[in-house]
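In the working numbering, the protein residues as written are -17 to 391.
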Amino acid sequence: MIPLGTDRPLARRTVVNHALIGVNVAVFCLVALAGIRSQRGVEGVEHVLERWMLVGDIAQPWRFLTYAFLHDMTSIWHLLGNMVFLWVLGPNIEDRLGRLGYLAFYLGAAAASGLGHVLMSPAPAIGASGAVAAVTGAYLVLFPQTRVKVLFIFFLIAVFHVPAIWFVSLQVVLNFMGLFTRSNSGVAYGAHLAGYAFGIAVPIVLLAWRVLPSEPCDLLHWFRQARRRAEIRGAVSTARSPASARAAVKRPGSAGEASPVDQVQAPVAQARARVARLLADGQVAPAADEYRALVEKYGLVAGAATMSRRLQLDLANHFFQSGDHGHAFAAYDRFIAAYPRDPEAPHVRLMLAMICGRFLHQHVRAAALARETLPSIRDDDQRAIAHDLIREFEGASAEAPPGSRSAGV
-17 MIPLGTDRPL ARRTVVNHAL IGVNVAVFCL VALAGIRSQR GVEGVEHVLE
33 RWMLVGDIAQ PWRFLTYAFL HDMTSIWHLL GNMVFLWVLG PNIEDRLGRL
83 GYLAFYLGAA AASGLGHVLM SPAPAIGASG AVAAVTGAYL VLFPQTRVKV
133 LFIFFLIAVF HVPAIWFVSL QVVLNFMGLF TRSNSGVAYG AHLAGYAFGI
183 AVPIVLLAWR VLPSEPCDLL HWFRQARRRA EIRGAVSTAR SPASARAAVK
233 RPGSAGEASP VDQVQAPVAQ ARARVARLLA DGQVAPAADE YRALVEKYGL
283 VAGAATMSRR LQLDLANHFF QSGDHGHAFA AYDRFIAAYP RDPEAPHVRL
333 MLAMICGRFL HQHVRAAALA RETLPSIRDD DQRAIAHDLI REFEGASAEA
383 PPGSRSAGV
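In structure tokens form, the structure reads like this:
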């Protein structure tokens, strides 16, 4: 499985990741040149590698970094495989951690994966695989939902778009299997697994300590949302259980105590009422702020963030016009989920496709959304727009170079 690109856009130009790739390639060329110019040929190359490779000598700590810039000189595939992964996945990690943060993360990953190898194997090691594994592990934590374009070669050759969480998880599983079934293959599986562990642990700690701001797409946000869902389900199921009902009958005088359902539903109703009241008064911007707060706090409660059809459209249109495309997409999406047969639904579906492709840069998903719109469209103009969007986003997905898309969903 070879990654070719992702559908997550970049917020800044990639510098450090490309520099790391350049250093790896330059070192490979210099070592090869040293071998060519040396009278000892292959022995000359081996002499260079032996001087800088990882051998587990604590008295020479620089080897825990230098080994990560050396590669197998008998074939270019060792270097090429590592650099492809780094080219595709690295820019998003640099974008998220910042340039200095990413450089520190990469070098720390090289040292950590080297330590993992030394603890698990006495054999010397070279290669960026451990550091690249850490970058891959960090991708699992920071962008689990991002779709990775993968070239799959196994009996057949095909290209698939798969969520990063599945792509990275498979890489980890394959390395675990290799550790126990291919111990004599010459592959440093211990370094790879130590790299994955480092790459997963560091961003989790940064997110948990709020050094790195959490985003709706990261794994920690997933866990928090899952916990909130469980709390809400628990409150509702407790309130609806027969034991809870009998207790309520036996304590008719305890009306002052709110039930778990009331504790969930009453604040939701109040928040929705504030949004509706502000919209009725023509205060759209304050209503949008209240709606954002409603989504943030109660978005996981079924139906809580779905207003009446007119109010939902007004909010979605306001978000779009004010440039808040993330909330606009979510508001339009809730409208479609609640009112799929509404006369406005075809137009709203086109808006979803347009926002997804032009503003969120998720071209593959946008093209799919535009295609899904076609069966419900009766208006010729809207049908023409849908076909234009499909061509636009399929073309953008096909033409964007892997480096630029290693940053769009």
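Note that beta-carbon positions come from the ideal geometry of N, C-alpha and C, so glycine has one too. Model, not experiment: these values are computed from the prediction.
Within the DSSP bridge table, the entry for H143 names K131 as partners. The beta carbon of L61 sits closer than 6 Å to the beta carbons of F10 and H53 from its chain, once the five residues preceding and following it are set aside; these are given in chain order.
Your pair Y178 and V155 does not check out as a contact, with CB atoms roughly 10 Å apart and the cut at 8 Å. The way I'd put it, the segment 34 to 43 doesn't touch the segment 80 to 90; fewer than three beta-carbon pairs between them come closer than 8 Å. According to the DSSP assignment, I(-16) belongs to the beta strand (DSSP E) that extends over I(-16) to T(-12).
Inter-segment contact for the segment 324 to 339 and the segment 358 to 369 is present: three or more beta-carbon pairs are separated by less than 8 Å.
As the crow flies, the alpha-carbon of L282 is around 54 Å from that of M55. L82 and P249 have their alpha carbons spaced roughly 44 Å apart.
Counting along the chain, A335 sits inside the alpha helix (DSSP H) bounded by residues A327 to M336. Secondary structure note for L297: its alpha helix (DSSP H) is the uninterrupted segment R291 to Q303. Cβ atoms of F67 and V30 stay farther apart than 8 Å, at about 25 Å. In this model, P(-9) and I139 are separated by some 27 Å (Cα to Cα). The alpha carbon of S57 has as its nearest neighbour, out of L97, R33, A93 and A14, the alpha carbon of A14. By the Cβ-count criterion, V123 is buried, with 16 or more other Cβ atoms from all chains shown falling within 10 Å of its own Cβ.
For R316, same chain residues with a beta-carbon under 7 Å away, outside a window of 5 residues either side, are A287, T288 and Q294 in chain order.
Distance from the CA atom of F341 to the CA atom of H99, rounded to whole angstroms, is 44 Å.
Remark: C-beta atoms of F302 and G339 do not approach each other more closely than 9 Å. By the neighbour-count criterion, in which 16 or more other beta carbons inside 10 Å mark a residue as buried, M336 falls on the buried side. Note that the C-beta distance between A349 and I318 is not below 9 Å. The residue from A313, F142, D306 and A284 with its alpha-carbon nearest to that of A298 is A313.
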